[in-house]
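*Asks:* Residue numbers (our numbering), protein chains in the order written: chain A, 760 to 849; chain V, 889 to 1402. No residue lacks a Cβ here, since even glycine has one placed at the ideal position from N, Cα and C. These numbers were taken from a predicted model, which means no experiment stands behind them. Before I ask anything, let me first share the structure, which is written out below as structure tokens.
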Amino acid sequence: MTSNAFIAFQKNEETRCIVEAIVDDNPDAVVVDQPAMVKVDVPGRLVIRRTTVEEKMGRDFDLQELQLHLITISGHLDESDDEFVLSWQS
Amino acid sequence: MDMKVSKKLGLKERYTMMTRDLAWDTTFQPMDKVFPQVGYEGIKIHDWDQWEDPFRLTMDAYWKYQAEKERKLYAILDAFNQNNGHLSVTDARYMNVLKLFLGSTPPLELMAARGFSMVARQMVGAGPRVACMMQSVDEYRHFQTQIHSISNYNRFYNGMDEFAHQQSRMWYLADGKSFFDDAITAGPFEFMVAIGFAFEYVLTNILFVPFISGAAYNGDMAAMTVGFSAQSDEARHMTLGLECIKFMLEQDPDNLPIVQRWIDKWTWRGTRKLASVGMMMDYMLPKRIMSFKEAWEIYFEQNGSALFNDLARYGVKVPKCFAQTIEEKEHITHQSWIGFYMKPDACPFHTWIPAPDELDWLSEKYPNTFDKYYRPVLEHFDRQEKAGNRFNNKTQPMNCQVCVSTIKFNEPGDPMEMCFRETVYKGEKFHFCSDHCKEIFEDEPEKYVQTFISSHAALQGKCEPDGTDVNAHDYRPGARMHAYWRMDKRAAGDFNGSEDQKNFAQWRDQATKN
């Protein structure tokens, strides 16, 4: 069974756009709503693309702004200017 | 005139410039003399440049985002306090969660800050040094903001003001203290596994995610904002711990057995520490969000398995205690709460028997164990309390020599029997809560014979308030523990009938009427 990579954010206006972007870019994403927070599970590999988030927000977005809203992550992280990727090899 | 505009550097290039180009090897003294600690634990590192911090945070970005987190945090905190925040929580029982949290968590954040400052100095590579330094600054931030966010409640409710004094003296705070004492007195790599992996990856996910989501559900915006703000740093911290484990395993195959032993040890130590966190979720949040068992399944069984499956390529096996923790998830929170309820004179927070609907919630969440083992005990205590015969265990608890938890958890496979182990070292007998703690002791007995256990030391006359004459003819060891703890008796014992309960009801009434 593939392990889930996941990311959780505080629930706010910015993360609403970020979660929408994740759902667009990761067809297997499962969004779990919890009080004050939102968690997104994706089997194996979860990608956040800067350009998709920018489309949703209607402004420039630096992926490191994710830091402001992050609650937790699962998976090995690879971060560049364009993509924030969490993945498990198994 | 043509101007040549140089392209802005990418994230990876900026991070490399900071962590590689700004670092240098020492020449006046050889590197192994400047950084001796990385050799003490037997970990072999051949190339420090292989360490890659995946978050690639440069200093300017770090300060920028941390400052924004702080502004956001204080905006929320101010608004909450300005709005009678101390009256907006679900009910005054909730306050006891904060009392337990305040004694157990901020002092550990401070220890983490100290530990990461040390490790930042001890590590050779610039990548881990920068990341450890940032983590140290983060931990100071958590320590300060946690205390600050709770300080408004301290103006109104009892039992919060002596947490710093109590941290190293109170019997039930000793498990967390010993966790960090153990980690900080190990070498830098073991510290990284202890805190970066076990504490951040296993523990803080359960402490700050479902528990803080629970704080939000209970109307405590102060704990919610400070918890989420801290947790936004934890994602970076757990990545650092994970990176350290991968780095050790990739550098040399001889590192595997050492790393495996640390994973086994610290997963167990983290698990033991979690019993009281789980108890908060199952018993102390008036409005529950998920059971400890459910949180354990998501954040340890599934998330931990994802990690261990991934690390299997290096030869790492799931920690030895894994099966036992799965069995225990249905027991430990009940055993902990019953344990605290039985000691009404010895904790600066209140306990209570859950209301009937709360007992039903527990029955539903723990179908295999609650009705069979724990509900009858709680109902018995309830009847006794109502009959004026409230149970009160006035003796000192017995604590485990390694994890310093009170010895109260059950024998694996037999919930009706208490688990108890002992061993003799240099003619002296030592006691443990489990096989895992006994094994940790036997690996490093010279370290653990030094464990300070206040409930044992008290009986030797070593825990007395100033001015006590331990040679007086009528001296009784442990008779003045309340003064030694500086315990506010108004905050102890039953919630029902407490000053906090009365004040909350009266103030809330005043807040809605003229």
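Going straight from the alpha carbon of residue 1276 (chain V) to that of residue 1095 (chain V), what length do you get?
*Replies:* Rounded to whole angstroms, the separation of the alpha carbons of residue 1095 (chain V) and residue 1276 (chain V) is 36 angstroms.
*Asks:* Considering only the beta carbon of each residue, do residue 768 (chain A) and residue 790 (chain A) sit closer than 7 angstroms?
*Replies:* no
*Asks:* Taking just the CA atoms, how far does residue 1000 (chain V) sit from residue 1083 (chain V)?
*Replies:* 8 angstroms
*Asks:* Please report the straight-line C-alpha distance between residue 1323 (chain V) and residue 1234 (chain V), rounded to a whole angstrom.
*Replies:* 28 angstroms
*Asks:* Between which two residues does the beta strand (DSSP E) harbouring residue 842 (chain A) extend?
*Replies:* 842-846
*Asks:* So the candidates are V:1017, V:1104 and V:1251; which of them puts its Cα closest to the Cα of residue 912 (chain V)?
*Replies:* V:1017
*Asks:* My output table needs one value for residue 1319 (chain V): the three-state DSSP class, helix, strand or coil.
*Replies:* strand
*Asks:* Please confirm if the segment 1028-1043 of chain V is in contact with the segment 956-966 of chain V, defined as three or more CB-CB distances below 8 angstroms between the two stretches.
*Replies:* yes
*Asks:* To the nearest angstrom, how far is it from the Cα of residue 1107 (chain V) to the Cα of residue 1180 (chain V)?
*Replies:* 20 angstroms
*Asks:* Could you say which of V:916, V:1263, V:1305 and V:993 lies nearest to residue 1115 (chain V) if we only look at CA atoms?
*Replies:* Out of V:916, V:1263, V:1305 and V:993, the CA that lies nearest to the CA of residue 1115 (chain V) is found in V:993.
*Asks:* Which of helix, strand or coil does DSSP assign to residue 1386 (chain V)?
*Replies:* Under the three-state reduction of DSSP output, residue 1386 (chain V) falls in the coil class, being neither helix nor strand.
*Asks:* Can you name the start and end residues of the beta strand (DSSP E) that residue 1313 (chain V) belongs to?
*Replies:* Segment 1309-1313, the beta strand (DSSP E) holding residue 1313 (chain V).
*Asks:* Give the list of continuous alpha helix (DSSP H) stretches no shorter than 4 residues that lie fully inside the segment 1218-1245 of chain V.
*Replies:* 1220-1229
*Asks:* From the DSSP output, in three-state form, read off residue 945 (chain V) for me.
*Replies:* coil
*Asks:* Name the residues in the segment 782-814 of chain A whose C-beta lies less than 8 angstroms from a C-beta of chain V; which are they?
*Replies:* 793, 794, 795 and 796
*Asks:* Return the Cβ separation of residue 1366 (chain V) and residue 1358 (chain V) in integer angstroms, given the expectation that the two are a contact with Cβ distance under 8 angstroms.
*Replies:* Between residue 1366 (chain V) and residue 1358 (chain V), the beta carbon gap of about 11 angstroms keeps them out of contact (Cβ cut-off 8 angstroms).
*Asks:* Looking only at C-alpha atoms, which of V:1019, V:918 and V:979 sits nearest to residue 945 (chain V)?
*Replies:* Comparing Cα positions, the closest option is V:1019.
*Asks:* Taking the Cβ atom as the reference point for each residue, do residue 838 (chain A) and residue 815 (chain A) lie within a distance shorter than 7 angstroms?
*Replies:* no
*Asks:* Kindly say whether residue 1177 (chain V), judged by its beta-carbon, lies nearer than 7 angstroms to any beta-carbon of chain A.
*Replies:* yes
*Asks:* Is it buried or exposed for residue 1063 (chain V), if we count other Cβ within 10 angstroms and need 16 for buried?
*Replies:* buried
*Asks:* Which runs of the beta strand (DSSP E) at least 3 residues long sit entirely within the segment 1263-1314 of chain V? Give them in chain order.
*Replies:* 1302-1306 and 1309-1313
*Asks:* For residue 1310 (chain V) and residue 1145 (chain V), I'd like the C-alpha separation in whole angstroms.
*Replies:* 26 angstroms
*Asks:* Hey, residue 1282 (chain V) and residue 1227 (chain V): beta-carbon distance below 7 angstroms or not?
*Replies:* Contact: no.
*Asks:* Three or more C-beta pairs closer than 8 angstroms, one from the segment 1142-1157 of chain V and one from the segment 970-979 of chain V: is that the case here?
*Replies:* no
*Asks:* Report, in whole angstroms, the separation of the C-beta atoms of residue 1351 (chain V) and residue 1336 (chain V), which I expect to be a contact under 8 angstroms.
*Replies:* Not really, about 20 angstroms apart at Cβ, beyond 8 angstroms.
*Asks:* Report all residues from its chain with a CB closer than 7 angstroms to the CB of residue 802 (chain A); omit the five preceding and five following residues, and keep chain order.
*Replies:* 761, 763 and 787
*Asks:* Which one of V:966, V:1203 and V:1034 has the shortest CA to CA distance from residue 995 (chain V)?
*Replies:* Among V:966, V:1203 and V:1034, the Cα nearest to that of residue 995 (chain V) belongs to V:1034.
*Asks:* With distances taken between CB atoms, is the gap from residue 1085 (chain V) to residue 1129 (chain V) smaller than 7 angstroms?
*Replies:* A Cβ-Cβ contact shorter than 7 angstroms links residue 1085 (chain V) with residue 1129 (chain V).
*Asks:* DSSP three-state label for residue 1168 (chain V), please.
*Replies:* helix
*Asks:* How far does the alpha helix (DSSP H) with residue 1029 (chain V) in it reach, from first residue to last?
*Replies:* 1014-1042
*Asks:* DSSP three-state call for residue 1126 (chain V): helix, strand or coil?
*Replies:* helix
*Asks:* Identify the continuous beta strand (DSSP E) that holds residue 833 (chain A) and give its terminal residues.
*Replies:* 829-833
*Asks:* What does a CB cutoff of less than 6 angstroms around residue 950 (chain V) pick up in its chain, not counting 5 residues either side in sequence?
*Replies:* In chain order, 1022 place their CB closer than 6 angstroms to the CB of residue 950 (chain V), counting only its own chain and leaving out the 5 sequence neighbours on each side.
*Asks:* Could you have a look at residue 929 (chain V) and say whether DSSP puts it in helix, strand or coil?
*Replies:* coil
*Asks:* With DSSP as the reference, label residue 800 (chain A) as helix, strand or coil.
*Replies:* strand
*Asks:* Need the endpoints of the beta strand (DSSP E) that residue 1072 (chain V) sits in, please.
*Replies:* Looking at the DSSP string, residue 1072 (chain V) is not in any beta strand (DSSP E); the run it does join, the alpha helix (DSSP H), is 1062-1072.
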